[in-house]
Amino acid sequence: MNRINQVDTEEFDMEWVNLIMSARKMGLTMEDIRAFLRSPFQPTTISLSTENDRFMSSKEFIKQSS
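One gets the numbering used here by counting positions in the sequence shown from 1 and adding 95 to each.
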């Protein structure tokens with residue numbers, strides 16, 4: 096196969112893909128995401144909010160909390 100026609104494929108971590116897609120749906124630009132990831136001032140506390148988590152409904156969160 097000609098090297099020019101060959102497509103390089105990469106394997107992506109689906110958790111990162113989902114995080115980036117969620118950020119995009121919330122209105123962040125790719126530059127916003129890059130700036131956040133490069134920032135030395137990352138939050139160090141874990142948020143337990145599931146408000147923007149499309150994978151966990153509030154019913155499931157309440158069920159897991161009890």
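By construction, the Cβ of each residue, glycine as well, lies at the ideal position given by its N, Cα and C atoms.
message: For the alpha helix (DSSP H) containing Asp-127, name the first residue and the last one.
response: 125-133 is the span of the alpha helix (DSSP H), which, as asked, contains Asp-127.
Reduced DSSP secondary structure (H/G/I, E/B, other) of Met-116: Here DSSP, grouped into helix, strand and coil, assigns Met-116 to helix.
- prompt: What's the gap between the Cα of Met-121 and the Cα of Pro-135?
  reply: Each residue's alpha carbon lies about 22 Å from the other.
message: Under 7 Å: does the beta carbon of Arg-119 sit that close to some heavy atom of the ligand FAD?
response: The ligand FAD is absent from the structure shown, which contains no ligands of any kind.
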